[in-house]
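Trainee:
2 protein chains.
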Amino acid sequence: MGNPIIDYISQFIELTEDEAGIINKQNLFRQYRKNEVLLAEGSYAKDCYFIIKGCVRAYYIKDGEERNTDFFFENQTIRPVSYQTKQPSEYYLSCLEECVIAIGDEARNQKLVEQIPKLSALILKMSEELILQKQLEFDHFKNNNPEERYINLLETRPELLNRIPLYHLASYLGITQVSLSRIRGRILNS
Amino acid sequence: MGNPIIDYISQFIELTEDEAGIINKQNLFRQYRKNEVLLAEGSYAKDCYFIIKGCVRAYYIKDGEERNTDFFFENQTIRPVSYQTKQPSEYYLSCLEECVIAIGDEARNQKLVEQIPKLSALILKMSEELILQKQLEFDHFKNNNPEERYINLLETRPELLNRIPLYHLASYLGITQVSLSRIRGRILNS
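Protein sequences, first through last, are from chains L and R. All residue numbers for the first sequence refer to my numbering, where the first residue is 8 and numbers rise by one. All residue numbers for the second sequence refer to my numbering, where the first residue is 8 and numbers rise by one.
1) Have a look at the DSSP bridge pairing and note the partners of residue 84 of chain R.
2) So residue 111 of chain L and residue 55 of chain L are in contact, right, with Cβ under 8 Å, and what is the actual spacing, rounded?
3) Does any CB atom of chain L fall closer than 8 Å to the CB of residue 152 of chain R?
4) Which value, in whole angstroms, describes the spacing of the CA atoms of residue 153 of chain L and residue 144 of chain R?
5) If we count Cβ pairs, one from each stretch, closer than 8 Å, do we get three or more for the stretch 168-188 of chain R versus the stretch 115-129 of chain R?
6) Going by the beta-carbon positions, is the gap between residue 70 of chain L and residue 67 of chain R smaller than 8 Å?
7) Distance check for residue 130 of chain R and residue 30 of chain R, CA to CA, integer angstroms please.
8) Tell me the residue span of the alpha helix (DSSP H) that contains residue 148 of chain L.
9) Do the stretch 120-129 of chain R and the stretch 44-52 of chain R make contact, defined as three or more Cβ pairs closer than 8 Å?
10) Could you give the residue range of the beta strand (DSSP E) that holds residue 75 of chain R?
11) Is residue 59 of chain R closer than 8 Å to residue 79 of chain R when the C-beta atoms are compared?
12) Give the straight-line distance between the Cα atoms of residue 32 of chain L and residue 108 of chain L, rounded to the nearest whole angstrom.
13) What residues match up with residue 112 of chain R in a beta bridge as DSSP calls it?
14) How far does the beta strand (DSSP E) with residue 101 of chain R in it extend, from its first residue to its last?
15) Can you list, in chain order, the residues of the stretch 99-130 of chain L whose Cβ is nearer than 8 Å to any Cβ on chain R?
16) Report buried or exposed for residue 196 of chain R, applying the criterion of at least 16 other Cβ atoms within 10 angstroms of its Cβ.
17) Closest to residue 190 of chain L by C-alpha separation, out of L:158, L:178, L:179, would be which residue?
What follows is the structure in structure tokens.
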């Protein structure tokens with residue numbers, strides 16, 4: 008089996024054998040069980056994550072209730088707010104499925120970019136994509152009602168609907184599970 | 008008067024005289040009147056913007072109504088979605104006040120980074136800050152009711168409350184102006 012991180016990077020930039028070797032030598036991968044917590048509220052994020060396999064859920068706990076804010080799948084990067092701010096995390100990250108995740112702490116990430124400088128262009132490109140996606144999601148959330156949000160997910164992120172339990176999806180859409188069932192019923196019957 | 012772009016960049020990285028000279032030679036600045044539209048729905052964004060003075064409003068028109076999604080102030084960069092995707096813009100950008108704005112099209116931006124490579128580290132840093140801010144704003148919007156959203160703005164972006172007319176602010180918060188007045192009344196009386 009190849010190294011999935013090298014496969015991913017090679018879609019965007021060409022790596023020399025030496026550069027691929029540098030990445031291969033890193034012992035980056037970890038396996039996580041379903042429901043294992045990667046990051047807890049109040050703790051300090053020391054790592055960034057790149058999902059090789061599985062799904063990670065981001066959620067806040069407010070008034071004793073979990074409120075889902077994001078789901079991450081294969082080939083997505085998670086860079087916790089706490090990693091950047093050095094403040095305790097306000098939210099949780101936990102594995103919604105069994106996961107294989109590549110881990111990078113700050114020292115390792117910096118060293119990798121020093122050894123392979125052209126990675127920084129890729130990181131910038133990925134950052135710009137992420138800003139774009141976040142902005143579109145936010146604009147869409149604000150400009151639409153829950154039914155429109157659900158239809159938009161159907162169109163833009165169908166994998167989310169197949170892999171996320173309905174009660175988690177309802178929380179992500181900002182509605183109750185009963186409302187989500189009604190919306191799904193209307194769409195099926197229309 | 009100095010060049011405000013050089014002043015801004017110099018907060019983060021040290022520019023040599025030659026590098027400052029390169030930036031100074033660009034004829035970047037434009038003045039805009041209040042309510043002048045920088046980018047219209049359906050048009051293609053050719054430029055990025057960096058606000059020297061003034062305030063820019065981002066809004067969608069849905070069901071004949073303007074829906075505000077963002078406000079940008081001094082020292083903020085606006086990189087329209089359409090600039091990145093090369094698709095027609097889905098939203099408008101217009102000047103809420105008289106503005107002085109630095110303009111950069113793609114060719115000029117690329118050339119500048121080629122001439123001053125260390126700018127790319129600054130751009131990455133700014134991108135990461137922007138992702139962070141967008142994520143926090145989005146999480147906050149989803150996890151809070153309109154009154155909590157308003158209180159959060161009071162605490163985190165007071166300049167927004169001073170410079171944005173109430174009817175624009177209400178649209179940004181996703182409520183009617185009447186609801187916003189009630190919220191403000193409750194807070195003043197508490």
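Beta carbons: idealized from backbone N, C-alpha and C, even for Gly.
Mentor: Taking the coordinates as given:
1) Beta-bridge pairing links residue 84 of chain R to R:57.
2) The pair is a contact, with the Cβ atoms about 5 Å apart (cut-off 8 Å).
3) With its beta carbon at least 8 Å from every one in chain L, residue 152 of chain R lies outside the interface.
4) Residue 153 of chain L and residue 144 of chain R have their C-alpha atoms spaced approximately 19 Å apart.
5) Judged by pairs of C-beta atoms under 8 Å, the stretch 168-188 of chain R does not touch the stretch 115-129 of chain R, as fewer than three such pairs exist.
6) No, the pair does not count as a contact, with Cβ atoms beyond the cut-off.
7) Cα to Cα, the separation comes out at about 15 Å.
8) First-last of the alpha helix (DSSP H) with residue 148 of chain L: 126-150.
9) Under the 8 Å Cβ criterion, the stretch 120-129 of chain R does not count as touching the stretch 44-52 of chain R, having fewer than three qualifying pairs.
10) First-last of the beta strand (DSSP E) with residue 75 of chain R: 72-79.
11) For the pair residue 79 of chain R and residue 59 of chain R, the CB atoms are not nearer than the 8 Å cut-off.
12) Using only the alpha carbons, I get a separation of about 16 Å.
13) DSSP output for residue 112 of chain R lists R:54 as bridge partner(s).
14) If you look at residue 101 of chain R, you'll find it in the beta strand (DSSP E) that goes 99-102.
15) For chain R, the residues of the stretch 99-130 of chain L that bring a beta carbon within less than 8 Å of one of its beta carbons are 127, 128, 130, in chain order.
16) Exposed.
17) Nearest of L:158, L:178, L:179 to residue 190 of chain L, Cα basis: L:158.
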